[in-house]
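Down below is the structure, laid out as structure tokens.
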Amino acid sequence: YEGTRDCPEVNGVRSIDEVLQGHRAQGVFDPERWWLVHHQGQPIGVLMMTEMPESGEWELAYMGVVPEARRRGFGREMLRRALGQACAAAAPAVTLSVDARNQPAWGLYRSLGFEPYSQQLVYLAIFA
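In our numbering, the protein residues as written are 33 to 160.
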């Protein structure tokens, strides 16, 4: 989550194991839909998709690119391939959530055909 623009206030509140466990508990976990992406032998990104059993829709549970690889098209390519996988599996839709402050992500998602359909206000109290 280094340099994250999605809810940076919660960065570090949970351990990485707790974060992964939370993502696994969302929808149907399929390790084929969780990717660790490498470029020139270095890990540069992660993408995690889950399927919602009640609707069959897929959700982009998490996508992140390391700071030094951002703004170089890696996130776009990762998501483009994930959308292709969802389409090939006949998923009726792909959903995601994004922090309203994360303008680079908004731009990426809109450029790939995503449109906002719901907005939520999140309240947070951290007792650390």
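C-beta: ideal position from N, C-alpha, C; glycine also.
Model, not experiment: these values are computed from the prediction.
With DSSP as the reference, label Tyr33 as helix, strand or coil. Its pLDDT being 49, under 50, Tyr33 is placed unreliably by the model, and the measurement read from it follows with that caveat. Note: Tyr33 maps to coil in three-state DSSP.
Where Glu83 sits in the DSSP three-state scheme: strand
Unbroken alpha helix (DSSP H) runs of length 4 or more, entirely within the segment 51-137: which are they? Complete alpha helix (DSSP H) runs here, min 4: 106-120.
So, with DSSP's three-state summary, where would you put Leu153? Coil, per DSSP.
Taking the alpha carbon of Gln58 as the point to measure from, which residue in Ala123, Ala122, Tyr94 has its own alpha carbon closest? Tyr94
Per-residue DSSP class, three states only, for Leu140: helix
Less than 8 Å separating the beta-carbons of Gly88 and Phe106? no
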